[in-house]
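Read in order, the letters of the sequence shown are residues 451 to 666 in the working numbering. Every residue, glycine too, gets a C-beta built ideally from N, C-alpha and C. Source: prediction; values computed, not measured. One structure is given here, and the rest of the page talks about it.
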Amino acid sequence: MMQGMASRPAAELDVSDLVSIIRGDAGESVVVSSILRRSISTGMICLSPRLLKTKEKDKIALMTSLQEISRNVDTLSLTPARRLPQVPAAEAAMRNMGDLMGHFYRTRLDTKQNTGNKTLKQKAIKRQEQFVSWVFDGKKDHVDLIVVSGHSLWFREFFKSYLPKACDHLAKTNKMVNCGCVAFDLYKDSQVIRINPDSVKTIYGGFEAKGKSKKA
């Protein structure tokens, strides 16, 4: 997700440029994640080249607003508000990983935006609005890119909410593939907040289509 007044928009950047920013090799970026451990762990593993070379102040901010949509049990969090989640036992015991995941869980998570498990009153659109409000709170004008580790259903509904209503885009109907990575520009003016449909760019994996992945 590209934003920031000094940024070149994602629509003007090559995939290699976007990867460099995500890896922490160029520009200024921040990383956020859903509070669910599957999102946290996926983000940590995918961003491990970045986390292994950056200082511990480069943290992943956990956000209840990014928690997956649905009432299925696997979309609920057991971690109390503003508490660090425990590293999953199976991941802590992964061969050839040492204490890497445990170290990341202990040192690379920021829990200030974790308000605990979503409530029945917290509708998806309201949590999306909370996230967008955070994006445009005026404190991230120096940031070139926000890296979001989240969930495919949440992202599909986000695209539905913020792509133009007249736009017929694959992102509105098809979920991202597992571990897929997509970049886009999110704009705000005096009247509307919108995703530029021409900016939606597949970095890896893309969107599902009839059981297969399809690039944007």
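Taking each of 508, 514, 542, 467 in turn and checking the Cα distance to residue 600, the smallest one comes out for 514.
Here residue 472 is actually not in contact with residue 512; their C-beta atoms are around 18 Å apart, not less than 8 Å. Close CB contacts of residue 647 within its chain, under the 8 Å cut and outside five residues either way in sequence, are with 613, 614, 617, 619 (chain order). Partner residues in a beta bridge of residue 629, as assigned by DSSP, do not exist. Closest in alpha carbon position to residue 656, among 636, 639, 632, 642, is 632.
Residue 463 and residue 522 have their C-alpha atoms spaced approximately 38 Å apart.
Boundaries of the alpha helix (DSSP H) harbouring residue 498: 498–501, taken from the DSSP string. Annotation: residue 575 to residue 492 spans about 24 Å, alpha carbon to alpha carbon.
For residue 593, the secondary structure class from DSSP, reduced to helix, strand or coil, is coil.
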